[in-house]
Amino acid sequence: MKIIFNRRYVMSEDYRAMWQDLGVDLEGHDALLAVLGDAYRDIYLAQKNRPEAMAYFDFVMSEVHGLRIKELMDEKREGRKIIGSYCVFVPEEIALAANATLVGLCSGADFAMEEVERLLPRNTCALIKSSFGFKLAKVCPYLESADMVVGENTCDGKKKAYETLGGLVDNLYIMDLPQVKSAQGRELLKAEYLRFKDAVEVLTGVKITAESLRDAIVLVNKKRAAMHRLLALRKADPAPISGLDSLLANQIFFYDNPQRFTESVHLLCDELEKRVAEKRGVSAPRTPRILISGCPQAVPNWKLPMIIEGLGAVIVGEESCVGERGTRNLTDESGESVAEMMDAIVDRYFAVDCAIFTPNGERRDHIREMVESYGADGVIHYGLQFCQPYLMEAVPVENSLEEVGIPCLRLETDYSMEDMGQLKTRVEAFVEQLR
Ligand code: SF4
Ligand code: SF4
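Here the sequence shown is numbered in our numbering, starting from 1 and rising by one per residue.
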């Protein structure tokens, strides 16, 4: 595969026609791309000592609304359907097996906040507000190109917000999710995945077969396994890659072509393996190592890693849905029938330890395991303001880490830049404590 390297945001006329056909608001969209381009240059391209293989991920970001959307449009012309998702509980395997492409709908930036706050209470988390802002302002070509948008009943905020989003998105499909890891909870998840499978088959007109489902499971497992390889390399000291760059790979995981993404992560890992063997890193050995834990950091939410790494620490892992919580487990590939494989899919997703589950001791155990295996010196718990599930779990997480002598800093923030000064001061003091 030929990878073209291009670090500039492309605003070609072809794309403008494509965006217009999709109903994207060109003026708002130009403003979004300009901000995104500047942020990317200042945060990502300004980093020193980046792996050369990050050129592919830079390219993907530079074409995030261009070439990738064109690819999706080409797929649609060939009869494929596009499904948009807001959560890692929506199984990509089912979409792929029915000849559909699943894309993550990012929700990582504030947009059209005045209009959003006419529909949602001010004290709604930034992620939910962002999903509304992108729809109201019509600036997301992924959302506009989706033949089905899946909203999942996870936290109360999302659950109620989808009732309103249903009036803005005419193809919204609601997936119910369990909140307790019990036999009944698993049955609910299974029933919902079977219902989703039926809905996707109706959407695409393609019946899922044992062969198509196995191929999809193998494809998604390969993508996750590539991420596992990347995560394992981050255990080295000095860290061979920055947390910012690793987060970018985790973010692109949600919308890139799965095969190409997997190959590109392996190319990156080949280079990182050499760095590890030569003891070359993005920072000096024994640089304070931080694990981020908590809410997902969707594109283009790079605020916290920018602060942490800008202050001389290195992020070695993300306990997050845009990170290890999202990619952690593989689906068992040994099933022979569609029913057996659907069971394997249910088992794989039922292990996701999102804070919407109660009780959720598994997540605390997993954070401690991650601290140990990544050699982290401390944990920064990242909670979005007004996110009840993760903010509520932050205290038990801190207590659990205290028991094993691991420092934890609990932060609560949003997508605005207003609290940058305050965050910097708190993170700086924390990093000093770790030195
Ligand atoms: S944090 Fe929970 S609700 Fe949010 S994407 Fe992850 S699994 Fe879904
Ligand atoms: S960040 Fe928290 S409040 Fe917001 S959607 Fe996710 S779980 Fe819900």
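Don't be surprised by glycine CBs; every beta carbon is placed ideally from N, CA and C.
Boundaries (first-last residue) of the alpha helix (DSSP H) holding residue i
i       : result
Lys-279 : Segment: none, Lys-279 is in no alpha helix (DSSP H) and carries neither H nor E.
Val-200 : 183-204
Tyr-56  : 54-62
Met-73  : 67-77
Asp-446 : A query on residue 446 cannot be resolved here, the shown segment of the chain reaching from 1 to 435 and no further.
Met-342 : 338-350
Thr-425 : 420-434
Met-113 : 113-119
Val-299 : Unbroken run through Val-299: none, as it is neither H nor E.
Met-227 : 210-233
Residue i in three-state terms, based on DSSP
i       : result
Ser-85  : strand
Gly-375 : coil
Asn-153 : strand
Thr-327 : helix
Glu-333 : coil
Ile-406 : coil
Tyr-255 : coil
Leu-521 : Coverage of the chain is limited to positions 1 through 435, which leaves residue 521 absent and any answer about it impossible.
Leu-442 : Since the first residue shown for the chain is 1 and the last is 435, residue 442 is missing from the structure and cannot be characterised.
Extent of the continuous beta strand (DSSP E) run through residue i
i       : result
Ile-290 : 289-294
Ala-100 : 100-104
Val-314 : 314-319
Ile-438 : No information on residue 438 is available, as it lies outside the stretch 1 to 435 that the chain covers here.
Alpha-carbon to alpha-carbon, residue j and residue i
i       : j       : result
Pro-51  : Val-265 : 12 Å
Trp-302 : Gln-251 : 10 Å
Gly-104 : Gly-326 : 12 Å
Val-102 : Val-206 : Note that residue 102 is Leu in the sequence shown here, rather than Val. Distance between the alpha carbons of Leu-102 and Val-206 is about 15 Å.
Arg-410 : Gln-433 : 14 Å
Arg-435 : Asp-237 : 15 Å
Ile-94  : Ala-199 : 10 Å
Leu-120 : Asp-414 : 16 Å
Glu-27  : Thr-209 : 44 Å
Asn-6   : Phe-59  : With a pLDDT of only 41 at Asn-6, under 50, the local geometry of the prediction cannot be trusted, and no value is derived from it.
Ser-293 : Met-306 : 15 Å
Asp-74  : Glu-418 : 41 Å
Ala-239 : Val-276 : 8 Å
Lys-181 : Glu-117 : 34 Å
His-366 : Pro-396 : 13 Å
Glu-278 : Cys-155 : 45 Å
Gly-37  : Ile-43  : 10 Å
Lys-129 : Ser-107 : 8 Å
Asn-257 : Glu-403 : 43 Å
Leu-423 : Asn-171 : 39 Å
Val-431 : Leu-311 : 8 Å
Ala-183 : Val-352 : 15 Å
Glu-78  : Lys-70  : 12 Å
Val-218 : Arg-224 : 10 Å
Residue from the options whose Cα sits closest to the Cα of residue i
i       : options                               : result
Ser-373 : Ala-232, Pro-407 and Gln-422          : Ala-232
Lys-451 : Phe-386, Phe-430 and Leu-188          : No answer is possible for residue 451: it lies beyond the span of the chain, which begins at 1 and ends at 435.
Asp-176 : Leu-168, Val-169 and Arg-195          : Arg-195
Ala-339 : Ser-320, Leu-330 and Ala-191          : Ala-191
Val-64  : Pro-240, Asp-170 and Pro-300          : Pro-300
Gly-378 : Ala-344, Pro-396, Val-314 and Ile-345 : Val-314
Thr-204 : Asp-147, Leu-136 and Gln-184          : Asp-147
Gly-383 : Val-404, Ser-320 and Ala-55           : Ser-320
Ala-355 : Glu-362, Asp-256, Pro-389 and Arg-16  : Pro-389
Pro-288 : Gly-375, Leu-244, Leu-172 and Arg-224 : Gly-375
Ala-29  : Thr-154, Arg-16, Gly-108 and Asp-38   : The sequence shown places His at residue 29, rather than the Ala named in the question. The shortest Cα separation from His-29 among Thr-154, Arg-16, Gly-108 and Asp-38 belongs to Arg-16.
Val-220 : Leu-330, Gly-317 and Asp-170          : Leu-330
Val-202 : Ala-97, Ala-137 and Leu-127           : Ala-97
Heavy atom of ligand 4 within 7 Å of residue i beta-carbon
i      : result
Phe-89 : Only ligand 1 and ligand 2 can be found as ligands here, which leaves ligand 4 out of the picture.
Closer than 8 Å to chain D by CB, residue i
i       : result
Glu-393 : The chain inventory of the structure shown lacks chain D, comprising one protein chain alone.
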